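Quick notes on the structure that follows.
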Amino acid sequence: GRRGLAARSSIIRGGSVSKHKTFTFASMRTIELLAPARDLHSAVAAVDCGADAVYMGGSGFSARQAAANTTDDIRRAAEYAHRYGARLYATLNTVVFESELEQAEHLARELIAADVDALIIQDMAYREMSLPVELHASTQMCNMEPGEAAFLERCGFSRVVLERALSIDEIRRIRAATSVELECFIHGAICVGHSGRCFLSRSMSERSGNRGQCSQPCRLSYDLCDESGREIIRGRHLLSVRDMDLSGRIGEMLDAGIASFKIEGRLKDEVYLRNTVAYYRRAIDDALARRSDCRRSSAGVSTYDFTPDPAKSFTRGASEYMFSGKRADVASFSTPKAVGERLGRVAKVHKDGFTIDRSVDIATGDGLCFLSDDVFAGAGVNGVDGRRITTNRREGIAVGAEVYRNYDRRFAMSVERSRVRRIIDARCRIDILEDSVAMTYTDTEGVTASARRSMRLDAANDPAKAENVMREQAARSGATMFRITGTEICGEMRFVPISVAGELRREALERLTEARTALMPERRILPDDPTARYPRTRITKYENVVNSLAERFYRRHGVDEIERGLDIEPSTEGCCVMRSSYCLRREIGECLRKGSQLGGRLYLVHGRHRYRLGFDCDRCEMTLTDCSDKRRQ
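Positions 24 to 656 (this note's numbering) are the ones given, in order, by the sequence shown.
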């Protein structure tokens, strides 16, 4: 809802100045579609396609270092979003080293001055900086437990971003224990390790995921070996899980108390962004239409010339991951790359391509993938003659291979070329007097702006014609964000020159845009309750406290012992570098609870890097412990 639940007109020359309450949604939940943005252009595209909020990184301290932005671009993105009542969140979701505290605070205050609506943070140092801004607890805090979520709420966080591995039942338990807003990922890549507790990248290089530099080692190929060194599985992508798609679960998540539905992908291209945002806008609107207690958190209707389909954008294959509980068949051992939509199988191989087993709509320029006996290959389409496809390469194309399309050229072009608009409905009132004429536009949220001219107006010779001219002029919204749905004319019909009517319309609509931009979404800057106690009195190195401010925060909240964070240790040898709800034993049918035939210790090996697998059957979780060449176990 808008701040103060009121819609206000801005103070502008020639228009009336007013502050008035329009409507109240005190008993309704506001629901948000939250989209990623790599840059300013992406942020505008996300808003145009229907996002209620956008998250993007500043110049540093963001978990996607490759998606950094200037503060000025973030300011411009926030201004554009605010026109529609949409919000802009800045990500400061990495841990901050002691020497960086001053720089981090300076950037945070810069972003606040740029009118961001909230900061998404991982490091509790920001909580100690007395920042005048709404704070969201990043998924990098590994938000999985009701007690921890309740603690964050008491510490002044207005929103908790949940770990992607939670089931619907676990989400319900967190909801029952809290009243804080809950945000949940619904689409995109999944971190196989619990967020903020993964040090796998750090174990292989200086690049740490907790510092925005993850090298994505979970997408590499590994050998699965036993303690004698015998290879059980060789050269497979054993930690690479498929991408998330919870589009069929939105209603359940709404009923479980989720307020914000988040799309992953700050490094994805604009076709992915437009396609997925448009798709989830429709899905969420459909779910909201069946619930009288929920409403969308921003205004406007998006229009575009394509039919959204997430299978046609980057995807490693759709998965609901652990939404319905711990389960197998969530990984993609063959490839960590995008495979796209399945088309059929190879029926015959030719010297310049292949024949597919069914009639499908393939076009020159498409990108295809072939999967056969766990061998993955790709090729581009050079030509199509019925079911016979000519490709630019033949490697990996074999009879029986499954054929996927990971690039649909015509679909991508339709998305790129689509004229996307987001429009807000408004009505016009024209007041005509003997000595003046005024146009006042009021949008669906009650925001009002007007323009007026003092001038002598003669009686119209043809009142009906003069009225039609005025209505036509008032309805011409042009390239503005508004669609005029009706016009009311008050007063005796007089002759108003077309040039004057056009000037009034342009001025009033420009002022209405300014008035909407000046309306800031509601912000909840909440205090830190000093009596709140952290659920544990000891913090381990895996919780990654790496500076004095974060340490002070936890000690204020009852923590007695704080280990030095793993990201500032020189090595991860002998340490657990990943905890995951994904279990390799479960995935390959060797669950210990179900009588596995695979006994003894198991290891994952990639080159000189070696990790001992641990299996916590009580929690149904897997761990990786770093056992490098220097420390074989």
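Note that the Cβ used here is the ideal one computed from N, Cα and C, for glycine as well. All values derive from a computational prediction rather than experimental measurement.
Asked                                                                                                                                                                                 : Found
Can you tell me whether DSSP reads F576 as helix, strand or coil?                                                                                                                     : helix
Give every residue of the same chain whose Cβ lies closer than 7 Å to the Cβ of D649, excluding the five residues on either side of it in the sequence, and list them in chain order. : S226, T595, E596, G597, C598, V600, Y634
Could you spell out the range, first to last residue, of the beta strand (DSSP E) harbouring D454?                                                                                    : 444-455
Any chance you could list the alpha helix (DSSP H) runs of at least 4 consecutive residues sitting entirely within the stretch 217-280, in chain order?                               : 223-227, 273-279
Which residue wins for smallest C-alpha separation from S604, given the options S224, F180, V460, C165?                                                                               : C165
Under the rule that 16 or more other beta-carbon atoms within 10 Å means buried, what is K488, buried or exposed?                                                                     : exposed
From what residue to what residue does the beta strand (DSSP E) around K371 run?                                                                                                      : 364-373
Report the option in G525, F518, R517, E490 whose CA atom is closest to the CA atom of T510.                                                                                          : E490
Enumerate in chain order the residues of its own chain whose CB-to-CB distance from V398 is below 6 Å, with the five nearest sequence positions on each side excluded.                : G419
Spell out the partners DSSP gives A461 in its beta bridges.                                                                                                                           : D454, R475
Give me, in chain order, the residues of the same chain whose beta-carbon lies closer than 6 Å to that of G348; leave out the 5 immediate sequence neighbours on both sides.          : S190
In the DSSP assignment, the alpha helix (DSSP H) including F434 goes from what residue to what residue?                                                                               : 432-440
Could you compute how far the alpha carbon of I286 sits from the alpha carbon of F208?                                                                                                : 6 Å
According to DSSP, simplified to helix, strand and coil, what is D649?                                                                                                                : strand
Who pairs with V183 in a beta bridge, going by DSSP?                                                                                                                                  : A160, L205
With 16 other CB atoms within 10 Å as the buried threshold, where does M5 fall?                                                                                                       : Because residue 5 is not part of the residues shown, which for the chain are 24 to 656, the question remains open.
Between the alpha carbons of T45 and R381, how many angstroms are there, rounded?                                                                                                     : Residue placement at T45 is flagged as unreliable, the pLDDT there being 32, under the threshold of 50; the coordinate-derived value follows with that caveat. Roughly 57 Å separates the two Cα atoms.
Which residue marks the beginning of the beta strand (DSSP E) containing D639, and which one marks its end?                                                                           : 632-639
Where are the beta strand (DSSP E) runs, 3 residues long or more, that stay fully inside the stretch 272-325, in chain order?                                                         : 283-286, 317-319
Around the Cβ of G401, are there at least 16 other Cβ atoms within 10 angstroms (buried) or fewer (exposed)?                                                                          : buried
Just verifying my parser: in three-state terms, what is the DSSP assignment at R121?                                                                                                  : According to the sequence as given, residue 121 is Glu; it is not Arg. In the structure shown, E121 sits in a helix (DSSP, three-state: H, G or I).
Is R445 buried or exposed, if buried means 16 or more other CB atoms sit within 10 Å of its CB?                                                                                       : buried
Where E123 and F576 are concerned, what is the direct C-alpha to C-alpha distance, given to the nearest angstrom?                                                                     : 17 Å
Three or more beta-carbon pairs under 8 Å between the stretch 253-261 and the stretch 193-213, yes or no?                                                                             : no
To the nearest angstrom, report how far apart G288 and R297 are at their CA atoms.                                                                                                    : 11 Å
Pick out whichever of E55, V70, L56 has its Cα sitting closest to the Cα of D62.                                                                                                      : V70
If contact is defined by three or more beta carbon pairs under 8 Å, each pair taking one atom from either stretch, is the stretch 83-102 in contact with the stretch 131-143?         : yes
Unbroken alpha helix (DSSP H) runs of length 4 or more, entirely within the stretch 71-134: which are they?                                                                           : 94-105
Leaving aside the five residues before and after V215 along the sequence, list all residues of the same chain whose C-beta is less than 6 Å from its C-beta, in chain order.          : C241, L262, V264, S603, Y605
Given a threshold of 16 other Cβ atoms within 10 Å of its Cβ, counted over all protein chains shown, does N484 qualify as buried or as exposed?                                       : exposed
For H210, count the other beta carbons within 10 Å of its own beta carbon; 16 or more makes it buried, fewer makes it exposed. Which is it?                                           : buried
Just mark M276 as buried or exposed, buried being the case when its beta carbon has 16 or more other beta carbons within 10 Å.                                                        : buried
By Cβ distance below 6 Å, which residues in the same chain neighbour D246 in space, the five residues on each side in sequence not counted?                                           : E254, R257, V628
Can you tell me where the beta strand (DSSP E) with P59 in it begins and where it stops?                                                                                              : 52-59
Alpha carbon to alpha carbon, how far is A76 from I143? Give it in angstroms, no decimals.                                                                                            : 13 Å
Using 8 Å as the threshold, is the C-beta distance between R318 and T508 below it?                                                                                                    : no
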